[in-house]
């Protein structure tokens, strides 16, 4: 029978320790975390800045994606014009394929923006509400109380008690100026616009709801000797009434009646709310927007951020401005080119052969792609005379214009004429005997 020796026992213990450490590392390696900017949120100001910058990013991202749509449609038209312009057969085939694929991608991009529009609107609305709420609370956060206009209160009945006397002062709450609050991107603050990156965030770091409650006020009342003799309001210490000795130091007064108000400093706590129900991927945290005041819940904000992250819009580039590698891995392009080369045949499963097929029509390097394809769209000019008008412009310049329509019609007409000429039977000569 096998016996566990001292050495083998140590080996087993070490192995178990390694397994445990690996398990802990694996478990903690995918823990939810905020992005760099979110991790710097430590007070109301930082929270407000982070929220503002998220809104700015969303508006910019959506705006850029929306602004790129016309360029996608324009590129599709340019490819069609370039395909009509006399060129090598492989270039013409490549242009036809690009035109169809670009049209499809332009339509898909427009549909995507329409789909996510309501989600972006909701996210921006909720974030702006929180920013406004934080701003209002920051402006009404106080750390100092000043008392002015001190005066005595004559004999009166208070709470059914007759012949009471008092001392009063006007109280002014002074906002806390020590907190650096600016929403400007270039402000000197730990939370920076450049560090906001929702793609890397799986957690929202924020101030807790209890940190947003009203600050507590503390009322203080003091009395020495006989209160009814404090008939003089102190001019040095508003809220104090004395009988004699109204000086900077009230040590000479025999009787003092004091009313004072103090404010507790706001306590701010930080919390992290996960964007996903479990871990860092998958189902988003459930929203609480249908509950009372649910739009202010951290879970609701985390949910909308998660939704945006999962369907984040991006600015799309026309196909001729993308790296060649994007075209080489496109199954749609390979399928189309395969039909150009061998109509009716199935596309090979061999990745190397598919890449070779794309390279045949688009070039085998980015430099070749630019020289053959990009040049034909942006540099090589269409040079035709239609009626009395001479048109000499690039396909990209003609795309989406009246002249572009004329050029396409011109080449289409020439193509029809050429086909008609090849199909008209030639007369068979007859011989007279």
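In mature numbering (1 follows the signal peptide of the UniProt record, and there is no 0), the protein residues as written are -23 to -1, 1 to 410.
Ideal Cβ placement from N, Cα and C applies to all residues, glycine included.
Note that the coordinates shown come from a computational prediction; the quantities given were computed from them, not determined experimentally.
Give the DSSP bridge partners of residue i, in chain order.
i	result
residue 183	248
residue 200	234
residue 133	141
residue 370	359
residue 119	152
residue 253	261
residue 217	235
residue 210	218
residue 195	239
residue 128	145
I'd like the span of the beta strand (DSSP E) that includes residue i, first residue to last.
i	result
residue 339	Note, residue 339: premise wrong, no beta strand (DSSP E); alpha helix (DSSP H) at 328 to 339.
residue 346	Premise fails: residue 346 lies in the alpha helix (DSSP H), 343 to 346, not in any beta strand (DSSP E).
Express the C-alpha separation of residue j and residue i in angstroms, rounding to a whole number.
i	j	result
residue 215	residue 131	16 Å
residue 264	residue 188	21 Å
residue 124	residue 148	5 Å
residue 284	residue 100	9 Å
residue 171	residue 108	19 Å
residue 367	residue 162	51 Å
residue 18	residue 168	7 Å
residue -13	residue 7	Any reading at residue -13 must be qualified, since the residue scores a pLDDT of 47, below 50, and its modelled position is unreliable; no value is offered.
residue 388	residue 315	25 Å
residue 241	residue 252	34 Å
residue 310	residue 113	55 Å
residue 224	residue 106	51 Å
How would you call residue i, buried or exposed, if buried means at least 16 neighbouring beta carbons within 10 angstroms?
i	result
residue 372	buried
residue 93	buried
residue 393	exposed
residue -1	Because residue -1 sits at a pLDDT of 44, beneath the cut-off of 50, its placement in the model cannot be relied upon, and the following sentence gives the value as read from the coordinates. Per the 10 Å Cβ criterion, exposed.
residue 282	buried
residue 194	exposed
residue 136	exposed
residue 308	exposed
residue -23	For residue -23, the predicted model reports a pLDDT of 40, less than 50, meaning its position is unreliable and no value from the coordinates is stated.
residue 213	exposed
residue 118	buried
residue 139	exposed
residue 36	exposed
First and last residue of the alpha helix (DSSP H) that includes residue i?
i	result
residue 38	21 to 61
residue 280	275 to 287
residue 312	308 to 318
residue 305	301 to 305
Are any of the Cβ atoms in chain B nearer than 9 Å to that of residue i?
i	result
residue 51	No chain B appears in the structure shown, which is made up of a single protein chain.
So does the segment 351 to 360 actually touch the segment 52 to 63, counting three or more Cβ pairs closer than 8 Å? Between the segment 351 to 360 and the segment 52 to 63 there are three or more inter-stretch CB-CB distances shorter than 8 Å, so the stretches are counted as touching.
Is the segment 279 to 297 in contact with the segment 42 to 57, if contact means three or more CB pairs nearer than 8 Å? The answer is yes - the segment 42 to 57 touches the segment 279 to 297, with three or more Cβ pairs under 8 Å.
Is the segment 203 to 213 touching the segment 72 to 81, taking contact as three or more C-beta pairs under 8 Å? The segment 203 to 213 vs the segment 72 to 81: no contact.
Quick check: the segment 256 to 271 against the segment 222 to 239, are at least 3 beta-carbon pairs closer than 8 Å? Flag = no, the segment 222 to 239 and the segment 256 to 271 do not touch.
Counting beta carbon pairs with one atom in the segment 9 to 21 and one in the segment 173 to 190, are three or more of them shorter than 8 Å? By the Cβ rule, the segment 173 to 190 counts as touching the segment 9 to 21, because three or more pairs are nearer than 8 Å.
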